[in-house]
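Chemist:
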Amino acid sequence: MRLLAFTKPFGPIDPARLAETVASVGADGVDLVVREGQTVSPADPGGIAVVAAELQRRGLTLDVVTTDLLDADADAERIIAACGESGVPLMRVGFYRYDPAAGYRRQLAQSRAALSRLAAVAARHGVRLAVQLHHGTIHPSASLALALAGDLDDVRFYADPGNQAKEGSEAWALNVDLLGDRMACMGVKNAVWRSTADGWVCEWQPFADGGVVPWPEIVPGLRARGYAGVLSLHVHYPAADPVAAVRRDIDHLRGLLG
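Residue 319 in our numbering sits at position 11 of the sequence shown, with consecutive numbering throughout.
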């Protein structure tokens, strides 16, 4: 399994510095976030190729591009085309948020139609889409993500046991079994539940410090099941030195891999 650095905590640094940073933390490659305030913005997707070239110079790879795309529009065409031209194999789509007032079945139909249009654009450019399991959406679990994809067989999935600590809890082994060979990436992070004056809250936690997600069980379990895909290390917790935080967590993950 290869380890990716999720670039969100690094902010809007230039492509060369990003590549140097990723090399310094010991990652094998990158899960590049394309958003405002990041190295590459949706308005300038040409930056994806620049990042890919800088990574390649350092023996690193651009394995995943994470976006907020939800439907086939002009932004989607430009960003997906840039991914295809840069040889990016997997692009994570945005979040199909759950609105209780709209109702699940209506949202499912609308979201699946939008995902289908987006998948058609991706197919033209030789890129596969991935839906992340994420709280606050209609796809917080493996079973619900599969329901969203329906008969869109080319859509892949981005598992995330850390997100499921907040919502969408399913046994990690069940998730892996359900997603099968359509699981293209797994997000790696941890969380803890804490009692506060406002009640119990789930907060992100340094991966190296443990938490409610049983990573010492999951990582060897993935290997035993033959998973050879990528693991994307996320740092969402506050850190005075984000680079040091990512390095520490990646070192811990490598230790679990043995």
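Every residue, glycine too, gets a C-beta built ideally from N, C-alpha and C.
Values in this document were obtained by computation on a predicted structure and should not be read as measured data.
1. Compute the Euclidean distance between the alpha carbons of R570 and A360, then round it to the nearest angstrom.
2. Rounded C-beta distance between H433 and G402? I'm assuming under 8 angstroms.
3. Could you check whether the region 488-495 touches the region 459-473, counting it as contact only if at least three pairs of C-beta atoms, one from each stretch, sit closer than 8 angstroms?
4. Report, in whole angstroms, the separation of the C-beta atoms of A384 and L426, which I expect to be a contact under 8 angstroms.
5. Under 9 angstroms between C-beta atoms, does Y466 make it to chain B?
6. From which residue to which residue does the alpha helix (DSSP H) around E362 run?
7. Span of the alpha helix (DSSP H) holding L426?
8. Name the DSSP bridge partner or partners of T374?
9. According to DSSP, simplified to helix, strand and coil, what is E328?
10. Using three-state DSSP, classify E385 as helix, strand or coil.
11. Which residues does DSSP list as the beta-bridge partners of F515?
12. Just the C-alpha distance for G345 and L486, rounded to the nearest angstrom, thanks.
13. Can you tell me where the alpha helix (DSSP H) with E453 in it begins and where it stops?
14. So, G334 versus L363, is the Cβ gap smaller than 9 angstroms?
15. Pull the bridge partners of M309 from the DSSP assignment, please.
16. Can you give me the C-alpha to C-alpha distance between D462 and A324, rounded to a whole angstrom?
17. Nearest CA to the CA of K474: which residue from V372, K497, D506?
18. Mapping DSSP to helix, strand and coil, what is L368?
Modeler: Quick answer:
1. Missing from the structure shown is residue 570; the chain here goes from 309 to 566 and no further.
2. Between G402 and H433 the Cβ distance is about 18 angstroms, and since that is not below 8 angstroms, they are no contact.
3. yes
4. The Cβ separation is near 6 angstroms, so the contact holds.
5. Here chain B cannot be found, since the structure has a single protein chain.
6. Looking at the DSSP string, the run of the alpha helix (DSSP H) that includes E362 is 355-365.
7. 412-432
8. In DSSP, T374 forms a bridge with V341, R400.
9. Secondary structure at E328: helix, using DSSP grouped into helix, strand and coil.
10. helix
11. According to DSSP, F515 bridges with nothing at all.
12. 35 angstroms
13. Strictly speaking, residue 453 in this sequence is Ala, with Glu absent from that position. Residues 450-457.
14. no
15. M309 is not bridged to any residue.
16. Put simply, the backbone Cα of D462 is about 33 angstroms away from that of A324.
17. For K474, the nearest C-alpha among the options comes from K497.
18. coil
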